[in-house]
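In our numbering, the protein residues as written are 348 to 1400.
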């Protein structure tokens, strides 16, 4: 045997010659575990495993609970990109909290009542009975709940999909009715006759939160003169008895003129009397409008007679009604001039026509002066017979307005149009009117102070959105919670026939509530009063069934969803209405439009019922738009569906999730081909990096490496997370094990800094775009600085060399860290990586059998590493391992040294590009160069000197295998201090030598580049050496030694 070893020891040249031509088969090739292209479809087995794990952990009482309450999407169509943005952010949150060690309470839900669903239900027939409407609406809602649920499951959204809620669940409806009784008993709910926003298209009252304001709305702009019939004493004394006197009013809603009951003047303004020299007519307007009126009536030749204060001039005047006086001579046609503080002399003519049924200020003034309240418009926007034969049956905004202008033609002073901001129904996209109606209201003015106080304790992410809530809770006098529709939760009260007064009996409401819990709310609409009302209540109320009627109003859908915290988190709401228990979610996560909607309605109702906010934190994301920032609409043709985006990316959900994560804090989340292409490119770069690192772990045994690091014979391992944690500890700065080397420590430092920011800043504050940007930069640095430096070690070193195994250790730690950090954001790719590494571990007999039996999410959500767990503190193997990775940040000195030297390396390349012809040079122009650095020992160069000393101590004999040489990827690198720098004469004497002067931080470093001789290149690793090798370089010969032995033995006689 010793003869064999002797022959191998001294046969370097012969071995090289014998293996020449087959070196490619001797290098350490990676075995890539998956394609570079994105996965075609989601893994249903993985998805169902995640959901099952969520379901199991939700019952784990040893963990603290995190409650994310799902704002219910509306069940009336396919999901759009706004839904994708919202649900992906919620899913990221659920996964992140699971990994942190929480038991996550997340119940997905749907908003199933309201107008859009009802309109879909009756689009084939508008003359349905309430029962038929409700039946069809229920079918529509169930259809879209099933469709949207299926899509969410296809997207991999983590939830127990067998346990979701909807606002049409019987117990949810019961909690809503119970809340109504409680709010009424507290005095927060009342019924009143008030002017409300009214949608003629929807035939229902609307709350302020259901309006959107169209700044492009065009209205008629009409100035009319109304003849005065009775003059005040100062006025009659000023004008002659033969002159006609007119007050000029301006309106943009001429359809309200039939309901006019007064003209309002500013009690603090002075009014001008303008006389036409042509007709003798006298016009009354505010002093500031007199010049404009003269322009409107150029042929009248108006001259001002004087000015008088409004009260003195108009106090006892009366005028002829502009519409009623055309067909009747009744005393009712005479209407008063009244003072009103909401009139401004600078706006319009200073005289405002008052229609108490169609304006909030008009209504209040009408109440003060006991003006008639005549409703002349029905719930669909048509004039009633009381408006007169000329107008009855006409629609107010079309032929009705045209007819009124025709009737007013003799009174018209000026007619035009005006573009201004006007409220629209945000569902039907049609203009609303103000209309007097008896409705149920929540007294928000009584809640505003308490609501603001409760909201002050709520955290808002991002903080800039904190003030957005205030307009909806501080300046909102009342909230109209009743709607005149069929599809919704009925308001369970009876109304007296004689006067319409409600009978609100809490005992009766409780009876209705108990029935709703068992069979829903349809019975309220179906049953007769005799069947609906138990006999004892007729006696209690002292009324008969014929003297009352059922209320047909239903609750506003914002009242529905605003009580979801009660109906869902309380499982029926009973214990939150007793005043002893408060139900508060940890997080509400929705778009910024929900300040006017779900955020504020939930806050107001929670403050009213339990005197606190229903959430601890609000996370607010932006609204989706196309790539140009425009709102998506069918008319613009810029609507992009999630389905289209997924199809263009071969069904890769992770790319869409990456877009959602990057858009988390944007005010406007743009989405289109441009954005998807950018995220697809970043995804592929990540996938390729992970694929490369995992491919080079095919022959790596973590247990053997840990044993080597610890210098022990064997390591007992029963848990993969424990193994990963022990390897992190063994490579940490405080470890007594052999250090990984400066280049490896640099990568570990990068990981430590990244993890520290991710855990302390990026995840808690939803700065996911910053996290992904940091990871992109990390991958770029890995590729440009580290992998290019160590690829030679991976491929050409002996399989078990210390350097190669340390690079593989870094790859393992990098992939594990990235898997942990990105598992909430791109779970499918991370699980693909997990499956790949588990396949390697499965073939490693030293690895525990449990290393390949669960998903990545489940593995790191476990708590096997920290024994001090209590129900009040969340911890997990994920947080424990990442906390250990953070300690890599202590490698800062070594990392900064490598970064400094690499930056100087790039400076050399730049200088070479400027001084030399590099067109035919290899990718790395130093690969065939021996490099000598000459540094001036000045203070400016001190950082570079210190860095070089760490990577390659001055005087070290091995210039070809130092970390400095690996960074430069040169044949050899050496350096020195002093005045022995070469001059250009050397270059002039030898064309193979180049001298560069490289600027660096105020100093100049002289760099000598000498071309390596072609015969010094190793044919296996393709590196140049200082002296010609016999056949292979020493490193390659040692790498081939086992193969050479095998070849020699097989060929031996």
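Backbone N, C-alpha and C define an ideal beta-carbon position, used for all residues, glycine too.
Because the structure is a prediction, the values reported are computed rather than measured.
For residue i, three-class secondary structure by DSSP
i, result
"residue 845", "coil"
"residue 1104", "helix"
"residue 762", "strand"
"residue 769", "strand"
"residue 694", "coil"
"residue 379", "coil"
"residue 1019", "coil"
"residue 686", "strand"
"residue 967", "strand"
"residue 1310", "helix"
"residue 1356", "strand"
"residue 937", "strand"
"residue 461", "coil"
"residue 1346", "strand"
"residue 370", "helix"
"residue 716", "coil"
"residue 701", "strand"
"residue 1377", "coil"
"residue 1368", "coil"
Sub-8 Å separation of residue i and residue j beta-carbons
i, j, result
"residue 834", "residue 1065", "no"
"residue 786", "residue 829", "yes"
"residue 1291", "residue 1354", "no"
"residue 1373", "residue 1307", "yes"
"residue 860", "residue 908", "no"
"residue 1455", "residue 1073", "Because the chain spans 348 through 1400 in this model, residue 1455 falls outside it and cannot be assessed."
"residue 1175", "residue 1001", "yes"
"residue 755", "residue 747", "no"
"residue 1108", "residue 1231", "no"
"residue 593", "residue 630", "yes"
Pairwise C-alpha distance: residue j and residue i
i, j, result
"residue 912", "residue 511", "14 Å"
"residue 876", "residue 866", "18 Å"
"residue 622", "residue 727", "43 Å"
"residue 1253", "residue 1352", "13 Å"
"residue 401", "residue 442", "9 Å"
"residue 812", "residue 1240", "40 Å"
"residue 642", "residue 703", "32 Å"
"residue 457", "residue 567", "41 Å"
"residue 1136", "residue 1091", "10 Å"
"residue 915", "residue 513", "9 Å"
"residue 1382", "residue 1148", "10 Å"
"residue 929", "residue 957", "6 Å"
"residue 665", "residue 687", "16 Å"
First and last residue of the uninterrupted alpha helix (DSSP H) at residue i
i, result
"residue 888", "882-888"
"residue 568", "Counting along the chain, residue 568 falls outside any alpha helix (DSSP H), though it belongs to the beta strand (DSSP E) covering 558-577."
"residue 1287", "From DSSP, residue 1287 is part of no alpha helix (DSSP H); its letter is neither H nor E."
"residue 1408", "Beyond the ends of the chain as shown, which are 348 and 1400, falls residue 1408; an answer cannot be given."
"residue 806", "First-last for residue 806: 806-808, but that is the beta strand (DSSP E), not the alpha helix (DSSP H)."
Endpoints, beta strand (DSSP E) assigned at residue i
i, result
"residue 656", "649-656"
"residue 413", "412-416"
"residue 597", "592-598"
"residue 1277", "1276-1282"
"residue 622", "617-623"
"residue 611", "609-612"
"residue 391", "No beta strand (DSSP E) contains residue 391, which is instead part of the alpha helix (DSSP H) from 391-404."
Residue i Cβ short of 7 Å to the ligand FMN heavy atom set
i, result
"residue 799", "As presented, the structure is devoid of all ligands, the ligand FMN included, so that no description of it is given."
Where in the region 1180-1265 do unbroken runs of the alpha helix (DSSP H), each at least 4 residues long, occur, reported from the N-terminal end onward? 1203-1208, 1224-1233 and 1239-1262
Runs of beta strand (DSSP E) wholly within the region 420-458 (minimum 3 residues, chain order): 450-452
Whole alpha helix (DSSP H) runs in the region 1080-1166 with 4 or more residues, listed along the chain? 1089-1104, 1115-1128 and 1135-1143
Can you give, in chain order, each stretch of the alpha helix (DSSP H) that sits fully within the region 993-1054 and has at least 4 residues? 1000-1009 and 1020-1042
Please give the ranges of any alpha helix (DSSP H) in the region 480-560, keeping only runs that are unbroken, at least 4 residues long and fully inside the region. 517-532
Entirely within the region 719-804 and at least 4 residues each: give me those alpha helix (DSSP H) ranges in chain order. 748-754 and 795-803
Could you give the uninterrupted runs of the beta strand (DSSP E) lying entirely in the region 889-917, keeping only those of 3 residues or more? 895-897
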